[in-house]
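Colleague: In my numbering, the protein residues as written are 332 to 542.
Idealized CB from N, CA, C, for every residue including glycine.
(1) Taking 7 Å as the threshold (C-beta atoms), are residue 427 and residue 464 in contact?
(2) From the DSSP secondary-structure annotation, give me the bridge partner or partners of residue 352.
(3) Report yes if the CB atom of residue 452 is closer than 7 Å to the CB atom of residue 525, and no otherwise.
(4) With residue 424 and residue 390 assumed to form a contact (beta carbons below 8 Å), what rounded beta-carbon distance in angstroms separates them?
(5) State the start and end residues of the unbroken alpha helix (DSSP H) segment that holds residue 530.
(6) Confirm, please, whether the CB-CB distance from residue 365 to residue 420 is below 7 Å.
(7) Expressed to the nearest angstrom, what Euclidean distance is found between the alpha-carbon atoms of residue 339 and residue 374?
(8) Classify residue 332: buried if its beta carbon has 16 or more other beta carbons within 10 angstroms, exposed otherwise.
(9) For residue 488, which residues in the same chain have their Cβ closer than 6 Å to its Cβ, ignoring the five residues on either side in sequence?
(10) Within this structure, are the beta carbons of residue 369 and residue 396 separated by less than 7 Å?
(11) Buried or exposed: residue 532, going by 16 or more other Cβ atoms within 10 Å of its Cβ?
(12) Tell me the DSSP secondary structure of residue 439 in three-state form.
(13) Given this structure, state the Cα-to-Cα distance separating residue 498 from residue 539, to the nearest angstrom.
(14) Decide if the stretch 410-419 is in contact with the stretch 428-446; the criterion is three or more beta carbon pairs, one per stretch, under 8 Å apart.
(15) Could you spell out the range, first to last residue, of the beta strand (DSSP E) harbouring residue 335?
(16) Taking C-beta to C-beta, are residue 345 and residue 353 nearer than 7 Å?
(17) Could you tell me how far apart the beta carbons of residue 494 and residue 521 are, in whole angstroms, since I believe they sit closer than 8 Å?
(18) Confirm, please, whether the CB-CB distance from residue 417 to residue 478 is below 7 Å.
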């Protein structure tokens, strides 16, 4: 395997390209220690030593990331790739954390849903999990479970209600042309935020009845 180029990442680290592909990142000192030079072959022994260094560093990096905040497996892998860890190192390190239960997408998704139910619409929660690499099957299973709970349905109703309060909607005069216009704007805004149209209307009629 040929070291085709070595480029600066910053003042302390360099990115090593092997056979014109990104190989790995090392500190400047390590580049010297392992005698990695542009235009030379990298032997198997050196590659094994570098891999061991990168694996231990990757393990420590994952610990640092997970201590600061929960991450989905997808987001964690992306962070590691952005730090130029090779795919085989990432796979080995991530598998280590999954094996010991420190990285669990179902637990992550459950916590995410529970935290966001009082804050976001069902659709936005769903989309948020998708963008974090959680599978549709797992999201749907967990969402069905969480949203069967009356308390969580009430959270969603309260979010819809807050929009009417924020817009200072006058339920006592809801049939006026001005209020109908405002109502349409509120409904459109809530739909864009991911709330179900039928839930919006149901909440509207309930609030109107209470006035």
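Modeller: Walking through what the data contain:
(1) no
(2) 349
(3) Yes; because the gap between Cβ atoms is below 7 Å, this pair is in contact.
(4) Yes, they are in contact, since the Cβ atoms of residue 424 and residue 390 sit about 5 Å apart, within 8 Å.
(5) Counting along the chain, the alpha helix (DSSP H) containing residue 530 begins and ends at 528-541.
(6) no
(7) Residue 339 and residue 374: Cα-Cα distance of roughly 22 Å.
(8) exposed
(9) 534
(10) No. Outside cutoff.
(11) exposed
(12) helix
(13) 15 Å
(14) no
(15) 334-339
(16) Taking 7 Å as the Cβ cut-off, residue 345 and residue 353 do not qualify as a contacting pair.
(17) 6 Å
(18) no
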